[in-house]
Amino acid sequence: MASNPNAFVESPLPLFPLADEDEALSVPLAGRLPSYIKDHRARLRARFRQGGGDPMPDYEMLELILFRAIPRQDVKPLARTLIDTFGDLARVISASEARLMDVSGVGEAVVLELKICQAVAQRMARARVMHRPVLSSWDALLDYCHTTMAHRETEQFRILFLDRKNVLIADEEQARGTVDHVPVYPREVVKRALELNASALILVHNHPSGDPTPSDADISMTAQIQEAASVLGITLHDHLIVGKSREVSFRSQGFL
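Those letters in the sequence shown? Residues 1 to 256, by full-length UniProt numbering.
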């Protein structure tokens with residue numbers, strides 16, 4: 001990861017005493033956390049232990065994450081800046097490394113902590129649907145798709161492969177695209193289904209614009225995949241388009 005010249009760093013103590021005695025007293029000793037920051041961190045951690053994260057605003061949850069990345073600085077200003085920049089905690093954690101590093105105060109340690117949180121959230125959501133009957137765990141599936149794809153800045157096309165009992169046996173990224181297009185080849189989709197001995201498919205892709213309304217290209221591509229799959233006895237259960245705050249199901253909309 002490239003370093004950010006604006007990232008928080010620990011400042012060494014001056015070699016010679018500062019001319020202004022008050023200014024000299026304001027410089028914390030090396031390795032020592034100023035008491036007001038230490039007390040704030042202790043209070044925030046205590047609130048989290050007592051009540052969990054639900055009552056806490058996004059910027060305070062973000063502070064708890066930043067404590068590890070920036071151990072000797074007041075991280076509240078950076079937490080608020082990140083929330084103001086990206087909109088909410090989920091978008092901060094999902095933001096690309098490049099965009100995060102553009103924010104003054106963000107360095108490699110901060111990006112690493114945020115990406116760890118993102119990976120953990122995605123893994124937890126995925127564990128709720130893998131090797132389980134998908135059609136009876138639909139809410140968990142939607143949660144997984146939203147967690148994984150809702151805040152991506154470019155389009156991603158994923159395929160969920162199911163066995164004869166509609167148990168999810170594989171979840172794979174088929175393609176990545178631009179902010180408004182992702183190339184998908186029906187023959188490749190069906191070929192991979194045969195390789196995995198899948199009996200059914202669920203297609204999933206995101207709209208970075210936030211609006212999950214299907215485009216004409218989405219509808220046409222879905223019809224092509226359905227036709228290619230049906231010839232080989234493979235069922236296309238649904239195509240989900242993931243937006244920022246909701247998902248659209250082709251089946252529920254009458255496109256399948």
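For every residue, glycine included, the Cβ atom is placed at its ideal position computed from N, Cα and C.
As assigned by DSSP and simplified to three states, the class of Asp238: strand
Contacting residues, own chain, Cβ-Cβ under 7 Å from Glu10 (five flanking each side not counted): Low local confidence applies: a pLDDT of 41 at Glu10 is under 50, so the model's placement there is unreliable, with the coordinate-based value given in what follows. The residues are Arg72.
Between the CA atoms of Glu247 and Val106 - distance to the nearest angstrom: 32 Å
For Arg187, the first and last residue of its enclosing beta strand (DSSP E): No beta strand (DSSP E) contains Arg187, which is instead part of the alpha helix (DSSP H) from 186 to 195.
Sub-8 Å separation of Ala229 and Arg187 beta-carbons: no
Cβ pair count under 8 Å reaching 3, the stretch 159 to 169 against the stretch 95 to 115: no
Close beta carbons around Thr85, own chain, < 7 Å, minus the five adjacent residues each side: Val103
Segments assigned alpha helix (DSSP H), at least 4 residues, entirely inside the stretch 55 to 81: 58 to 69
Delimiting residues of the alpha helix (DSSP H) encompassing Val110: 108 to 127
Range covered by the alpha helix (DSSP H) that runs through Gln50: 35 to 51
Straight-line Cα distance separating Glu108 from Asp238: 40 Å
Pairwise C-alpha distance: Val190 and Ser199: 10 Å
With 16 other Cβ atoms within 10 Å as the buried cut-off, status of Leu201: buried
Contacts around residue 320, its chain only, beta-carbon distance under 8 Å, and the 5 residues preceding and following it disregarded: Lying outside 1 to 256, the shown extent of the chain, residue 320 is not represented and no answer is given.
Rounded separation between Gln156 and Tyr144 - CA only: 14 Å
Residue of Glu63, Thr222, Gly233 minimising C-alpha distance to residue 257: The structure shown has nothing for residue 257, since the chain only spans 1 to 256.
Distance CB(Met124)-CB(Val204) smaller than 8 Å: no
Phe157 - DSSP class collapsed to helix/strand/coil: strand
Helix, strand or coil at His131 according to DSSP, with G and I counted as helix: coil
Integer-rounded CB distance, given that Val110 should sit under 8 Å from Ala69: 5 Å
Status (buried if at least 16 other CB within 10 Å, exposed otherwise) for Tyr36: exposed
Collapsed DSSP secondary structure at Ser249 in the structure displayed: strand
Coil, strand or helix - Val182 by DSSP: coil
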